[in-house]
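There are 2 protein chains.
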Amino acid sequence: MKKKTVNAMEVARLAKVSQSTVSRVFTPGSNVSEKTKKRVLEIAKELGYRPNALARGLIMNKTNIVGLAMRDIANPFYHEVLGKFTKGLRKRGYHVLFMYTENDEIQQEEITQFLEYSVEGVIVTDAYLSSKVVSQLHENNIPVVLFNRYSKDVPCYSVSCDNYAAAQQIAEYLYEQGYRNMAFISGRINTSTSQDRQRGFCDALQQKGLVPIIEEGDYTYERAYEATMTLLRREQKPDAIFGANDITALGALDAAKSMGLSVPGDLGIVGFDNIQMASWPSHELTTWEQPVDEMIEWAIDTLLNEMKRTNVEPASKLVSGRLIERRTTRKKM
Amino acid sequence: MKKKTVNAMEVARLAKVSQSTVSRVFTPGSNVSEKTKKRVLEIAKELGYRPNALARGLIMNKTNIVGLAMRDIANPFYHEVLGKFTKGLRKRGYHVLFMYTENDEIQQEEITQFLEYSVEGVIVTDAYLSSKVVSQLHENNIPVVLFNRYSKDVPCYSVSCDNYAAAQQIAEYLYEQGYRNMAFISGRINTSTSQDRQRGFCDALQQKGLVPIIEEGDYTYERAYEATMTLLRREQKPDAIFGANDITALGALDAAKSMGLSVPGDLGIVGFDNIQMASWPSHELTTWEQPVDEMIEWAIDTLLNEMKRTNVEPASKLVSGRLIERRTTRKKM
DNA sequence: CTGAAAGCGCTTACAG
DNA sequence: CTGAAAGCGCTTACAG
Chain A
1 MKKKTVNAME VARLAKVSQS TVSRVFTPGS NVSEKTKKRV LEIAKELGYR
51 PNALARGLIM NKTNIVGLAM RDIANPFYHE VLGKFTKGLR KRGYHVLFMY
101 TENDEIQQEE ITQFLEYSVE GVIVTDAYLS SKVVSQLHEN NIPVVLFNRY
151 SKDVPCYSVS CDNYAAAQQI AEYLYEQGYR NMAFISGRIN TSTSQDRQRG
201 FCDALQQKGL VPIIEEGDYT YERAYEATMT LLRREQKPDA IFGANDITAL
251 GALDAAKSMG LSVPGDLGIV GFDNIQMASW PSHELTTWEQ PVDEMIEWAI
301 DTLLNEMKRT NVEPASKLVS GRLIERRTTR KKM
Chain B
1 MKKKTVNAME VARLAKVSQS TVSRVFTPGS NVSEKTKKRV LEIAKELGYR
51 PNALARGLIM NKTNIVGLAM RDIANPFYHE VLGKFTKGLR KRGYHVLFMY
101 TENDEIQQEE ITQFLEYSVE GVIVTDAYLS SKVVSQLHEN NIPVVLFNRY
151 SKDVPCYSVS CDNYAAAQQI AEYLYEQGYR NMAFISGRIN TSTSQDRQRG
201 FCDALQQKGL VPIIEEGDYT YERAYEATMT LLRREQKPDA IFGANDITAL
251 GALDAAKSMG LSVPGDLGIV GFDNIQMASW PSHELTTWEQ PVDEMIEWAI
301 DTLLNEMKRT NVEPASKLVS GRLIERRTTR KKM
C-alpha cells in the first residue's frame, strides 16, 4: 500500500480548477477569488495536501534552507548559540541544515553537502573556513558568516566579541582589585578568539609593567585543570588566573580548590562567556558576558540581507559585552 | 552578474554527451564507459558542477533528510545526543534538518515543516508527540522514533533507558550503603522518564518498608537547588537524594554544600545520565550511565530500516546502563 | 554503452 | 480571475 503523496494536480481535479490555481492559493499575494480559494483550501485540507517545499525551491531557486556548521565540542555556550540561531532563523521562515564538524577548519566535503542541498547561506560557529572554500561559496552566491571567529585572510562576514578590548578590561579590573601576578590559560592557540584575548590581556598588563604567565589550554575543563595545577606548583604562584572561556575558568577554580587555596583570597579567577553554569552558587564565577543575542541577530540579518543581493562585500562586526562581577575575584576595599 | 548555477545540461554540452549520460556518471552503479566517465568528470570539475540534491530528491522520492526535533533545554546531555545523531546519520549519508521546539509536545506546525521538506524520518528527543501528529506522519509513511521518551498511547518507535529498573537499582544501592531516609527530586512530572524513575525508586524502597520524600523539580539546576533547600529545612532531613538527572543532582549537591552539609557523609546524592560534568573533580557525582551510543545506534538503524518499508509497526526498546560509583555516595564499610 | 523523452511537484509569464 | 504551457534540475525506463 505505497501511498502516493497527494500533489497539487490531485487537489485541482477535485476542486475543478487548474493546477495553476491551486498553486496560487498557496502563494501569498497571488490573484485568486475568495470563493475559489475557499474551495481549494477545503479540498486541500481534506486530502492533507501541503505544497512540496523542495519542488518550490527548485523552481523558485529559493530553498529557505541555511546551513549551520558547528565544531564538535562540549561547550554549553555553543549549545545555547545553536538554539538561538535555530529559533531566530525559523522566526524568519528559514530552516537549518545542521552539520557537526570534527575539525578546526570546515572541510571541503562538508561545504559540498551544503551546496548540493542548495542552502542559501552558511553560518559557521567555532571553526574556520579556508579561503578556497569561501571563494567556492561566493562563486555560488552563498554568503557566509563566521560566528565568534574572524579571519584576516578570508573575505567573509564575521561577528565576534571585541576580545582584545575585553581582555584589556579584564586585566585592568584584576589590577585594580590588587592582583599583581597574573596568568592566562589559553584556548586552542590557533583560534583568533584565544589569540586576541591573550594579546589584550598581555598588552594591558605590560602598560603596568607586568608580564603574565601563559599556560596553554584548549578550552576544555580537563586541560585547564592540569594547566592550573602546573601553575600552582610554580615557585612564583600566580595570584589571579584569566581563563580563555568559562569552562577553562571552572577547571582552574576546581584545581585551586583541590589544592586548598581560597578563591578569591589566594587566587582570583575570571572566565569568558557567562554561560549559565557560571552563575551557579558553587561557582559564582566572575566573567565576561558576550552579547550573544545581539551577535546572533546581526549574523542572521547580515546573512539574510546578503542573500538578496548578488555581490558580497564582507564586513566584520565587533561587539563589546561587559564584565560580570561575581565571587571568584576579590573586591577592592 | 547573477551567475546561473551550472547544471547537468551544460556539462553534457561541453562533454559532447547527453544529459542522461552526465546523470549516469553521478549515479553510482550506472552503466557508463570508463572513457566517457572520465571526460565528463573532468568537465564537471572544471565547471564546478555538483548534482542538485533537491532535484534528485524530487524525482527519486528520496531526500536523504531526517528531521530532528529537540526540546529547548539547557542540558548538556542533549547537546551530546544531538552531536551523535548528526554524526551517525551523516556517516550513513543522511542530513539533519534541525528544529528546536519550545513545548513539551511537538507542535503540529513543526511537523508540517518537516513534511513540506519531505524528510524521510523524524527523531524526537526530550519531547512528546500527540497521536494525531504521529498518525499524520504515518499516513505519509514517515517513521518516527522517540529518544529518551516513550508513550503508551502513541504508536511509534521509542528508545529509552529502563528507567524503572535503573531507579530500583539506585534505591537498592543507596539502601546497601546504609541510607535510610531518602528523597527523590523529580524532573518535569509529565515526562515518562521522570515518572518511571520515581516509580522504580519508590517501589524498591517500599519493599524495604521505606517511603521516600518526593519533591517536584523540572530537570533544572535552579529548581533542584530550591527543592533541596526545602528538603534540608525539614524536621526530618533526608540522608540521601536521588535527582531525576545529573543537573538536578548537581543542584542538590551545591545546595547541600551551601548548608554546610558534608557529602556523602551527611547526605548521599545520585544523579542520572553521567554527563561529562559529573566526573569533574569538584562534583565526582555518583550517577547512572545511560548507554547513549547504543541508544542512538538503535534509533538510527530502526529509522533507516523503517524508511525502506511501507508499513510501520512500532516497537519500544529499553536499554539498561549501569551505576557509576563516585564520591557523592558513601561506601559500605 | 548511450540518447530522446517522460515525469517528479511545483511557479509564473502569457493570453484570455 | 483563471488555464495551458514551459521550465527548475534531475532520474530512469525504453529503444537502439
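Same order as they appear, the protein sequences are chains A and B. Oh and the first sequence: position 314 is 314 in UniProt numbering, straight run, nothing missing. Oh and the second sequence: position 199 is 199 in UniProt numbering, straight run, nothing missing. C-beta: ideal position from N, C-alpha, C; glycine also.
{"query": "Kindly provide the ranges of any beta strand (DSSP E) runs that are 3 or more residues long and lie completely inside the region 237-317 of chain B, ordered along the chain.", "result": "240-243, 268-270, 287-289"}
{"query": "Counting contacts by CB-CB distance shorter than 8 Å, is B:F272 in contact with chain A?", "result": "no"}
{"query": "Can you give me, in chain order, the residues of the region 42-54 of chain B that have a beta carbon less than 8 Å from any beta carbon in chain A?", "result": "G48, R50, P51, N52, A53, L54"}
{"query": "Does any residue of chain B bring its CB to less than 8 Å from the CB of A:D254?", "result": "yes"}
{"query": "Work out the CA separation of A:D301 and A:T36 for me, nearest whole Å.", "result": "37 Å"}
{"query": "Kindly list, in the order they appear in chain A, the residues whose Cβ is closer than 8 Å to that of B:D72.", "result": "G83, K87"}
{"query": "At the 8 Å Cβ level, is B:S130 part of the contact set with chain A, yes or no?", "result": "no"}
{"query": "Of the residues that make up the region 12-26 of chain B, which ones have a beta carbon closer than 9 Å to any beta carbon in chain A?", "result": "none"}
{"query": "For a contact meaning CB atoms closer than 7 Å, what does B:F98 contact in chain A?", "result": "T86, V96, F98"}
{"query": "Identify the contact partners of A:E80 in chain B, using a Cβ-Cβ distance below 8 Å as the criterion.", "result": "A74"}
{"query": "Check B:I43 in the structure and name its three-state DSSP category.", "result": "helix"}
{"query": "Write down every uninterrupted run of the beta strand (DSSP E) in the region 125-195 of chain B whose length is 3 residues or greater and which is fully enclosed by it, in chain order.", "result": "144-147, 157-161, 182-185"}
{"query": "Please list the terminal residues of the continuous beta strand (DSSP E) segment that includes B:I73.", "result": "Note, B:I73: premise wrong, no beta strand (DSSP E); not H, not E."}
{"query": "Within its chain, find whatever has a CB closer than 7 Å to the CB of A:M1; leave out the 5 residues flanking it on each side and keep chain order.", "result": "Legend: pLDDT at A:M1 = 35, less than 50; position of this residue unreliable, value from coordinates given subsequently. Nothing meets the Cβ criterion."}
{"query": "Can you confirm whether A:T228, when its beta carbon is compared against all beta carbons of chain B, has any partner nearer than 8 Å?", "result": "no"}
{"query": "Which residues in chain A sit within 7 Å of B:G57, going by Cβ to Cβ distance?", "result": "L54"}
{"query": "Is the CB of B:T248 under 8 Å away from at least one CB in chain A?", "result": "no"}
{"query": "What residue range does the beta strand (DSSP E) around B:I106 cover?", "result": "Where B:I106 is concerned, there is no enclosing beta strand (DSSP E), given that its DSSP letter is neither H nor E."}
{"query": "With a cut-off of 8 Å on the beta carbons, I'd call B:A166 and B:W288 a contact; round off their distance for me.", "result": "5 Å"}
{"query": "Closest by CA to B:D218, which one among B:R197, B:T248, B:E235, B:D239?", "result": "B:T248"}
{"query": "What residues from chain A crowd round B:P281, counting only those whose CB sits closer than 8 Å?", "result": "Y225, D254, A255, S258"}
{"query": "So what does DSSP say about A:E215, is it helix, strand or coil?", "result": "strand"}
{"query": "Between B:E105 and the rest of its own chain, which residues show a CB-CB distance below 8 Å, the 5 nearest in sequence each way excluded?", "result": "A127, Y128, L129, S130"}
{"query": "Do B:A224 and B:G251 come within 8 Å of each other at the CB atom, strictly closer than that value?", "result": "yes"}
{"query": "With a threshold of 7 Å on Cβ separation, who are the neighbours of B:A325 within its own chain once the five nearest residues in sequence on each side are excluded?", "result": "A small fix is needed here, since residue 325 of chain B is Glu in this sequence, not Ala. Around B:E325: T286."}
{"query": "Within the 8 Å Cβ cut-off, does B:Y219 reach chain A?", "result": "no"}
{"query": "Can you find the residues in the same chain that come closer than 6 Å, C-beta to C-beta, to B:S320, ignoring five residues on each side of it along the sequence?", "result": "D162"}
{"query": "Could you tell me which chain A residues have their CB closer than 7 Å to the CB of B:L115, listed as they occur along the chain?", "result": "R50"}
{"query": "Of all the residues that make up the region 145-165 of chain B, which are near chain A by a beta-carbon distance shorter than 8 Å?", "result": "none"}
{"query": "Does any C-beta atom of chain B lie closer than 8 Å to the C-beta of residue 405 of chain A?", "result": "Lying before the first or after the last residue shown, residue 405 of chain A is absent from chain A, which here runs from 1 to 333."}
{"query": "Can you give me the C-alpha to C-alpha distance between A:I170 and B:I185, rounded to a whole angstrom?", "result": "39 Å"}
{"query": "So with CB distances below 9 Å, who are the chain A contacts of B:T191?", "result": "The contacting residues do not exist; B:T191 stays about 19 Å from chain A at best."}
{"query": "On a Cα-Cα basis, can you pick out the residue from A:G265, A:D254, A:T220 that is closest to A:A240?", "result": "A:G265"}
{"query": "Along the chain, where does the alpha helix (DSSP H) that runs through B:L232 open and close?", "result": "221-232"}
{"query": "What residue range does the beta strand (DSSP E) around B:L210 cover?", "result": "Taken as a continuous stretch (DSSP letters only), B:L210 belongs to no beta strand (DSSP E), as it is neither H nor E."}
{"query": "Just to confirm the assignment, what range does the beta strand (DSSP E) spanning A:R322 have?", "result": "322-324"}
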